[in-house]
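As structure tokens, the structure follows; a few thoughts come after it.
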Amino acid sequence: MMDNLRAASNHVVLKIILGLIILSFVLTGVGDFLIGGNGDYAAKVNGQEISRAQLERAFASERGRQQQMLGDQFSQLAGNEGYLQQMRQQALSQLVDEVLLDQYAKDLKLGISDDQIKQAIFTQPAFQTDGKFDNTKYLSLIGNMGFSADQYAEALRKQLTTQQLVTAVAGTDFMLGSESDSLAALVSQQRLVRTATIDVNQLAAKQQVSDEESKNYYQQNQNSFMAPEQFRVSYIKLDAASMQESASDSEIQSWYDEHKADYGQPQRNRYSIIQSKTEAEAQAIVDELKNGGDFAALAKEKSADPISARKGGDMGWLEPSTTPDELKEANLTSKGQLSGVIKSSVGFLVVRLDDIQPEQVKPLTEVRDAIAAKVKQEKGIDAYYKLQQKVSDAASNDNESLASAEQAAGIKAVETGWFSRDNLPAELNFKPVQDAIFNGGLVGENGAPGSNSDIITVEGDRAFIVRVSEHKAEAVKPYAEVQAQIADTIKHNKAEKQAKADADNIIAGLKAGKDDAFKAAGLSFGEVKTLARNGQDAITQAAFALPQPAKDKASYGVSEDMQGNVVLLSLDKVQAGTMPEQQKQAMIQGITQNNAQIAFEALLSNLRKEAKIKYGNAAQQ
-15 MMDNLRAASN HVVLKIILGL IILSFVLTGV GDFLIGGNGD YAAKVNGQEI SRAQLERAFA
45 SERGRQQQML GDQFSQLAGN EGYLQQMRQQ ALSQLVDEVL LDQYAKDLKL GISDDQIKQA
105 IFTQPAFQTD GKFDNTKYLS LIGNMGFSAD QYAEALRKQL TTQQLVTAVA GTDFMLGSES
165 DSLAALVSQQ RLVRTATIDV NQLAAKQQVS DEESKNYYQQ NQNSFMAPEQ FRVSYIKLDA
225 ASMQESASDS EIQSWYDEHK ADYGQPQRNR YSIIQSKTEA EAQAIVDELK NGGDFAALAK
285 EKSADPISAR KGGDMGWLEP STTPDELKEA NLTSKGQLSG VIKSSVGFLV VRLDDIQPEQ
345 VKPLTEVRDA IAAKVKQEKG IDAYYKLQQK VSDAASNDNE SLASAEQAAG IKAVETGWFS
405 RDNLPAELNF KPVQDAIFNG GLVGENGAPG SNSDIITVEG DRAFIVRVSE HKAEAVKPYA
465 EVQAQIADTI KHNKAEKQAK ADADNIIAGL KAGKDDAFKA AGLSFGEVKT LARNGQDAIT
525 QAAFALPQPA KDKASYGVSE DMQGNVVLLS LDKVQAGTMP EQQKQAMIQG ITQNNAQIAF
585 EALLSNLRKE AKIKYGNAAQ Q
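For the sequence shown, my numbering gives the first residue as -15, with consecutive numbering after it.
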């Protein structure tokens, strides 16, 4: 039985169904043990009470699940009282379904024995250590969930009984061999088709369009000829990388003196330790070492730290930043110096200072070029920020043009061509610059130049002053500008209409056994193509919508290709395809799983209809 249950739990449908049951069950399964009825209940299902506390725990669980799933978006949704009320109602609905299933299982006299419960507990990986049941771990985990051993066993019995019911319902669907063979043959069916194409573009070239037709189309479809909002911009760009500065010997020396720590290695000490559990053991080791004992041998024999013990206590080279406080506080200053007993967070230590490597600093000659580059960069950035402030002040004081800003920057402003919101010039493609241009604050009235922007800083130590020099609001394009486009559209529409009419006339003739119109159009069917049902293109879909051809006769239809041409179809033959056994079994499994889910949902629906469900104050609140 337990093997069957475990196998069933891997069934895809059961995972979906049980997911609605088990989560609320774990959090509410012991409610009846802990809480008595006091009238302030959430619901009564056929007389069985769902308490307020059960509802609150289920609601909190669902809230936590959605918060984890939605992340930051949940905070916004949680501010909507209607959303929280809907979540609360879903939690209560799940509790009602759980009770209905439990009651139905009892009516069917389904049950789980004590041995089955023990086996379920013993084989649960969460309760195991190194593949074996760990009673201490088991009691700790269920205790953290608020269960005693008896409560957890009873809750598990309820869960397994419900799971047994779900398995019984979901496992009843099947397909006969003849049914699956017929379905596989239908799904893998192939259709042999020939096509002939009416070229719409060729027909369009022969169409005529009057000026009246074009103007009427323009008036009726003006929304299709909107010119987007347009801008022309002048801008000054400041770039710290272009600020060329020099570095004098005195500046380089000063930098070196201030940053010597960046070009050297601090003093390093090498220690060995012996760790013990008690102070008495540590003192005995100190005494033995003072009497000539070998430190490495004692470390290997007696140290409680297995890592350093294997190395005779050696801790390796340590810099001040990596030296533990206990070793620093030992105040060992000379090679070979031995500490007394040191109390630490891991017990007691005996420490020896094995060696000292003095501080080392690279000479200026080795790092001069690198320091010179840093000095130049720092001076360049400083000059850049000073120039930035100077240019900003100039642009602000003379808001009628960029002339003063150009003079302050020492460079000429750059003028762009016309662009819209969708094609911002690459040199201005920065979010802060984009926002400044398109927010409307720099635009003048009736297309006139606007005002200068504030300094706009972007990543990489760059900054811009921007001015909208010209602006065009969104407007309908003039008729003359779109006249040729309109004529092409009307010609194409006429050609498409003619092609469909010609196709219908040709197909009608072919069905009647006449091909005069077909030949008159200069058409001929191409080579046979084998189409499979899973094709998503329009021609394949149309081919599988045609009736099967009669013996020695084709079935005809119309479709279109990806270029918009009209395509005539001749369905010559329908033949069975082949489906690999593995694919066939997957198809059958998918169908049976879907049917099983429908059966389970029908069961729940019937249980709800027949049940007496009364909602209490907790549900209303």
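Using N, Cα and C, we set each Cβ at its ideal position, and we do this for glycine too.
- Straight across, the Cα-Cα distance linking H243 with A357 is about 14 Å.
- The stretch 533 to 548 and the stretch 476 to 493 touch, with three or more beta-carbon pairs separated by less than 8 Å.
- Inter-segment contact for the stretch 217 to 224 and the stretch 395 to 411 is present: three or more beta-carbon pairs are separated by less than 8 Å.
- Buried is the label assigned to E544, since at least 16 other Cβ atoms lie within 10 Å of its Cβ.
- According to DSSP, residue pairing for Y219 in a beta bridge involves V398 and V450.
- In this structure, DSSP gives N383 a state outside helix and strand, which the three-state scheme calls coil.
- Contact annotation: the stretch 131 to 150 touches the stretch 79 to 98, with at least three C-beta pairs closer than 8 Å.
- A distance of 9 Å or more separates the beta carbons of Q361 and L337.
- Around the beta carbon of A27, a 10 Å sphere encloses 16 or more other beta carbons of the protein chains shown; the residue is thus reported as buried.
- With contacts defined as CB atoms closer than 9 Å, N436 and I421 fail to qualify as a contacting pair.
- The beta carbon of S376 lies closer than 6 Å to those of I439 in the same chain, with the five residues before and after it left out.
- Your pair A89 and L149 checks out as a contact, with CB atoms roughly 4 Å apart and the cut at 8 Å.
- By the Cβ-count criterion, N253 is buried, with 16 or more other Cβ atoms from all chains shown falling within 10 Å of its own Cβ.
- For K221, the CB contacts under 6 Å within the same chain, skipping 5 residues up- and downstream, are F448 in chain order.
- In the pairwise beta carbon analysis, the stretch 169 to 181 is classified as touching the stretch 507 to 518: at least three pairs are separated by under 8 Å.
- K346 places its beta carbon 9 Å or farther from that of Y255.
- Counted as a single uninterrupted DSSP element, the alpha helix (DSSP H) harbouring M53 occupies residues R36 to L54.
- Secondary-structure assignment with DSSP links S328 through a beta bridge to G331.
- The three-state reading of DSSP puts Q206 in helix, counting H, G and I together.
- Contact holds between the stretch 528 to 542 and the stretch 482 to 492, because three or more Cβ pairs, one in each stretch, are under 8 Å apart.
- Considering only I269, Q237, W301 and A367, the residue with the shortest C-alpha distance to E350 is Q237.
- Taking the CA atoms as reference points, A538 sits about 8 Å from Q532.
- Exposed is the label assigned to E285, since fewer than 16 other Cβ atoms lie within 10 Å of its Cβ.
- For L302, no alpha helix (DSSP H) run applies; the uninterrupted beta strand (DSSP E) run containing it begins and ends at D298 to L302, by DSSP.
- For G541, the enclosing beta strand (DSSP E) stretches over residues S539 to E544.
- Note on geometry: alpha-carbon atoms of D298 and A288 lie some 14 Å from one another.
- For the pair E454 and E429, the Cα-to-Cα distance works out to about 10 Å.
- Ranking S59, L123, R72 and I340 by CA distance to the CA of E303 puts I340 first.
- Sequence-distant partners of A392 (beyond 5 residues in either direction) whose C-beta falls short of 7 Å from its own C-beta, in its chain, are K374, V375 and A378.
- When rounded, the separation of the alpha-carbon atoms in N601 and D24 is 6 Å.
- Contact between the stretch 220 to 235 and the stretch 362 to 372 is present: three or more C-beta pairs spanning the two stretches fall below 8 Å.
- Closest in alpha carbon position to F209, among A586, I470, P416 and S589, is I470.
- If you draw a 10 Å sphere on the C-beta of F584, you find 16 or more other C-beta atoms in it, and that means buried.
- Counting only residues of its own chain and dropping the five nearest sequence neighbours on each side, D118 has a CB closer than 8 Å to the CB of F111 and Q112.
- Annotation for A283: I258, A293, G296 and G297 place their beta carbon closer than 6 Å to its own, counting only its chain and skipping 5 residues before and after.
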